[in-house]
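Q: Before I ask anything, here is the structure I am working with.
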Ligand SMILES: Nc1ncnc2c1ncn2[C@@H]1O[C@H](COP(=O)(O)OP(=O)(O)OP(=O)(O)O)[C@@H](O)[C@H]1O
Ligand SMILES: [Mg+2]
């Protein structure tokens, strides 16, 4: 038991979230329980509005649960922390800073300055292929490019947990495939725990060790699907019978929840 406990990186314990919206109280999450092991790659899918971003923001410490708690390395989450890096659904860059300065921002906050900060920033700017845009400002970039800066910024501070909210949603298919491979490489090399939200079932299966299917609002965990396909996973993986079986199953489950929302 004690051994198992040590391996849990994130513990989500009976998390409930009620928003006070203009239509009165709105239960966004209703009793979410989930243990995420160290270095585990989790993808979360579910219909729009089921509470995925809410859950991510609670894990990030940006939002407080109405009841229940999240623990990271056994410590209760009560605010943000540098061990938990976030990539938001909508790119959140500082408009007054260049690409390079945006990526260096978190490093400077951690006290990493000068050449080391520049080298680290450059490594990740190259990874997202923006080395020709170092001195551009966000307003001079396309949506996909801004999202790539946000990804570089999150990776650069080397958090042990990466919380990613549809990070590749705005990207073209080629860049998306490229960044999926880069993410898997980073994950295997640097040992990170990943919590990744996506609407794309193919993306979830290519990336994850476990896919979490959330129910329609109020969000709960409907099913946890183990993805036992060995890494590295490639484009060919998407043609394999096991991939297609998983895709059918997950897609069907999410679609059922989507129909619930439409009722
Ligand atoms: N600040 C807020 N105040 C009131 N209600 C909110 C707030 N933020 C989110 N909600 C509501 O909570 C529910 C869950 O929202 P959330 O953004 O977590 O969904 P989601 O699963 O991430 O959806 P999507 O897939 O569209 O991004 C929605 O019904 C939304 O309207
Ligand atoms: Mg969302």
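Residue numbers (the numbering used here): -9 to 253.
Quick reminder that beta carbons are idealized off the backbone N, C-alpha and C, glycines included.
(1) Using CA atoms only, rank isn't needed, just tell me which of 159, 114, 229 and 57 is closest to residue 172.
(2) By Cβ distance below 8 Å, which residues in the same chain neighbour residue 102 in space, the five residues on each side in sequence not counted?
(3) Taking the alpha-carbon positions, what's the residue 70 to residue 192 distance?
(4) What whole-angstrom Cβ distance do residue 141 and residue 169 have, given they're in contact under 8 Å?
(5) With three or more beta-carbon pairs closer than 8 Å as the criterion, would you say the region 142 to 152 touches the region 69 to 88?
(6) Given a cut-off of 7 Å, decide if residue 22 and residue 2 are closer than it, judged by their beta-carbon atoms.
(7) Quick check: what's the CA-CA separation for residue 119 versus residue 25?
(8) In whole angstroms, what is the alpha-carbon distance linking residue -3 and residue 182?
(9) I'd like to confirm the pairing. Which residues does DSSP put opposite residue 254 in its beta bridges?
(10) Mapping the DSSP letters down to three states, classify residue -5 as helix, strand or coil.
(11) Considering only their Cβ atoms, is the gap separating residue 209 from residue 40 smaller than 7 Å?
(12) Buried or exposed for residue 214, going by 16 or more other Cβ atoms inside 10 Å?
(13) For residue -5, is the classification buried or exposed, using 16 other Cβ atoms within 10 angstroms of its Cβ as the cut-off for buried?
(14) In the DSSP assignment, the alpha helix (DSSP H) including residue 114 goes from what residue to what residue?
(15) Kindly provide the ranges of any alpha helix (DSSP H) runs that are 4 or more residues long and lie completely inside the region 126 to 176, ordered along the chain.
(16) Apply the 10 Å Cβ neighbour rule to residue 12 and answer buried if 16 or more other Cβ atoms are within range, or exposed otherwise.
(17) If you measure from the CB of residue 72, is any heavy atom of ligand 1 nearer than 6 Å?
A: The short version:
(1) Ranking the options by Cα distance to residue 172, first place goes to 114.
(2) Within the same chain, residue 102 has close Cβ partners 110.
(3) Looking at the two C-alpha atoms, the distance is approximately 31 Å.
(4) Your pair residue 141 and residue 169 checks out as a contact, with CB atoms roughly 7 Å apart and the cut at 8 Å.
(5) Output reads yes: the region 69 to 88 touches the region 142 to 152.
(6) Result yes, Cβ atoms of residue 2 and residue 22 sit closer than 7 Å.
(7) Note on geometry: alpha-carbon atoms of residue 119 and residue 25 lie some 35 Å from one another.
(8) Each residue's CA atom was taken as its position, placing residue -3 and residue 182 some 13 Å apart.
(9) This structure gives no information on residue 254, because the portion of the chain shown stretches from -9 to 253.
(10) Any reading at residue -5 needs caution, since the residue's pLDDT is 49, under 50, leaving its predicted position unreliable; the model's value is listed next. Three-state DSSP puts residue -5 in a helix.
(11) Yes; because the gap between Cβ atoms is below 7 Å, this pair is in contact.
(12) Its Cβ having fewer than 16 others within 10 Å, residue 214 is exposed.
(13) Legend: pLDDT at residue -5 = 49, less than 50; position of this residue unreliable, value from coordinates given subsequently. So residue -5 ends up on the exposed side.
(14) Element bounds for residue 114: 104 to 117.
(15) Qualifying alpha helix (DSSP H) stretches, in chain order: 133 to 146.
(16) The Cβ neighbour count for residue 12, taken over all protein chains shown within 10 Å, is under 16; the residue is labelled exposed.
(17) Outside the cutoff, so no.
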